[in-house]
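Residue numbers (our numbering): 641 to 1038.
Just so it is clear, CB atoms sit at the ideal spot from N, CA and C, and this is done for glycine as well.
Just so it is clear, the structure is predicted and the values come from calculations on it, not from any experiment.
So the structure is just underneath, and the comments pick up after that.
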Amino acid sequence: MLSGKTIVLGVSGGIAAYKAVELLRLFVKAGADVHVVMTRNAQEFVTPLTFQTLSTHPVHTELFNLYQEREIGHISLADRADLFVVAPATANLVGKVASGIADDLLTTTIMATKAPVLFAPAMNVNMWENPLYRQNQDKLQDLGYHFLEPETGPLACGWEGKGKLPDPAAILEETVALFAPKDLSGETILVTAGPTREELDPVRYLSNYSSGKMGYAIARAARSRGARVILVSGPTALAPPCGVEVHGVTSALQMRKAVVALAAESTVIFKAAAVADYRPATVAAEKIKKEGAGSLSLTLEKNPDILAELGRMKGERILVGFAAETADLVKNARKKLQEKNLDLIVANDVTQPGAGFDVDTNIVRLLSREGSEEVLPQLPKDEVAHRLLDRIVRLRRG
Ligand code: PMT
């Protein structure tokens, strides 16, 4: 995701500095070459040795250091960066940059770089709300600096509120997004993901093995490429993607209602959700009891086919369906493509290891309305998502 990219990771002095170690690990795992700059205060929380070991580069700490200056120098560090990420960014650090103060190595390199800079702030909630801080952030944002929103929760200072450093995975996601081409800006992409749950009684439901990973990957990738993204998600254990409007639903009927209402705003729709075809005809008010030794029969009734309904109201939208098949992959997928009036269908044989439900990869074929067939190898779902979006860009170009 980040191979060939040089990232300068600035660490300023807050308790969240320990999370920058995990962030560095994620950057390195994603293929980036990472150089770390620490402020003096940051070194009170985590030792440079930890960052040096994980980045395999010396950590830069001093503005005036003969050895460090000869090795790389603050200007060449600023020049070689494709991106600066400052995590955690304290109120003090943001304030200094906003005021044009360059009195240590980190502020000096930020001042000297022409690369984009992403700040991940972390501070006490009262500092976060202080108009002085707000003005500083607004000023930097107006100048084109990027900011992540801190998370809300219990803070190290004992207060509860906004100010926690975003999860390192969310900072990685934002970093990847900053590098992506913005070839989908202007599009509103509606994505469905995850399973639906069809209630049987107060303690049981019918569902399937969908984890939501495929749909969430599409949502993340589309957002990183500049689209406005609306995600309608069944119940999953996944964190909501940054910058995406998420609508949580449980049943197929709820998903239908949300999707049909939101379809009007969208220009492209991906139906990656595994919607239950049937639901119990009646929902028992009390827990169904075991009676005797006999079997139990359930009567199921058909759920609406949301994708078919979208196909009927398609208009100029690009409509992409999925087909989860266990036999006759291409034949069954083509039938769905035609019957549901789709532009593309993503066919996955969910019996193949590494494909389909609840795994991080998928093996898919893209079948088009015009009859073309593109076979993709086993790829991480994030990569599959980008390949699908490449098709959308090509379709738009005609
Ligand atoms: O979530 P993951 O664990 O990452 O797994 C990914 C996935 C296997 C769920 C995904 O790759 C996938 O195949 N999604 C579609 C699953 C499915 O329901 O397939 P289907 O062949 O039963 O349905 C065909 C299409 O009609 C799908 O786009 C589905 O969203 C849609 N549908 C189905 C039934 C229904 N009542 N309404 C619908 O809109």
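- Considering only Ala820, Thr696, Leu783, the residue with the shortest C-alpha distance to glutamate 1023 is Ala820.
- Tyrosine 849 is classed as exposed because its beta carbon has fewer than 16 other beta carbons within 10 Å across all chains shown.
- Only residues of its own chain outside the window of five on either side were considered, and among them Asn988, Asp989, Thr1001, Asn1002, Ile1003, Val1004, Gln1018 have a CB closer than 8 Å to the CB of alanine 995, listed in chain order.
- In this structure, DSSP gives proline 771 a helical state, which the three-state scheme calls helix.
- Under the 10 Å beta carbon count, serine 937 is surrounded by fewer than 16 other beta carbons and is classified as exposed.
- For histidine 675, the uninterrupted beta strand (DSSP E) run begins and ends at 673-678, by DSSP.
- According to DSSP, alanine 833 shares a beta bridge with Ser873.
- Below 8 Å, enough C-beta pairs join the stretch 729-736 and the stretch 754-767 to call them touching: three or more.
- Within its own chain, the residues whose Cβ lies closer than 7 Å to the Cβ of proline 1020, once the five positions on either side in sequence are excluded, are Asp1000, Thr1001, listed in chain order.
- In chain order, Ala660, Leu663, Ala760, Ile811 place their CB closer than 6 Å to the CB of alanine 727, counting only its own chain and leaving out the 5 sequence neighbours on each side.
- Note that the stretch 946-959 touches the stretch 890-903; at least 3 beta-carbon pairs, one per stretch, sit closer than 8 Å.
- Proximity of the beta carbon of serine 850 to ligand 1 is indicated: a heavy atom of the ligand is located closer than 7 Å.
- Between leucine 780 and valine 737, the CB-CB gap stays under 8 Å.
- Counting the other CB atoms within 10 Å of its CB gives lysine 976 a total of 16 or more, which places it among the buried residues.
- Rounded to whole angstroms, leucine 871 and aspartate 743 show a C-alpha spacing of 44 Å.
- In this structure, threonine 753 sits near phenylalanine 724, with a CB-CB distance shorter than 8 Å.
- Excluding sequence positions up to five before and after valine 923, its CB lies within less than 8 Å of the CB of Glu839, Leu840, Asp841, all in the same chain and listed in chain order.
- Under the three-state reduction of DSSP output, histidine 1026 falls in the helix class.
- The beta strand (DSSP E) runs of length 3 or more contained entirely in the stretch 972-1013 are, from start to end of the chain, 984-989, 1004-1008.
- The criterion of a C-beta distance shorter than 8 Å is not satisfied by valine 677 and phenylalanine 667.
- Alanine 859 sits away from proline 875, with the two beta carbons spaced by 8 Å or more.
- Beta bridge pairing from DSSP links glycine 801 with Gly793.
- Within its own chain, the residues whose Cβ lies closer than 7 Å to the Cβ of valine 1015, once the five positions on either side in sequence are excluded, are Arg1005, listed in chain order.
- Proximity of the beta carbon of threonine 1001 to ligand 1 is not indicated: no heavy atom of the ligand is located closer than 7 Å.
- Going by C-alpha positions, serine 935 is about 53 Å away from arginine 865.
- In this structure, the beta-carbon distance from glycine 650 to leucine 717 does not fall below 8 Å.
- Here the C-alpha atom of glutamate 1013 lies approximately 26 Å from the C-alpha atom of arginine 863.
- Of the other Cβ atoms in all chains shown, fewer than 16 fall within 10 Å of the Cβ of alanine 809; this residue is therefore exposed.
- Residue range 657-669 is occupied by the alpha helix (DSSP H) that includes valine 668.
- Taking C-alpha positions only, leucine 1035 is separated from glycine 932 by approximately 59 Å.
- Taking 8 Å as the cut-off, the beta carbon of alanine 903 is found closer than this to the beta carbon of methionine 953.
- Inclusion of threonine 832 in the 7 Å shell around ligand 1 follows from its C-beta lying nearer than that to a non-hydrogen atom of the ligand.
- DSSP places glycine 855 in the helix class (H, G or I) of the three-state scheme.
- In the DSSP assignment, proline 761 falls within the unbroken beta strand (DSSP E) covering 757-761.
- When DSSP states are grouped into helix, strand and coil, valine 886 belongs to the strand group.
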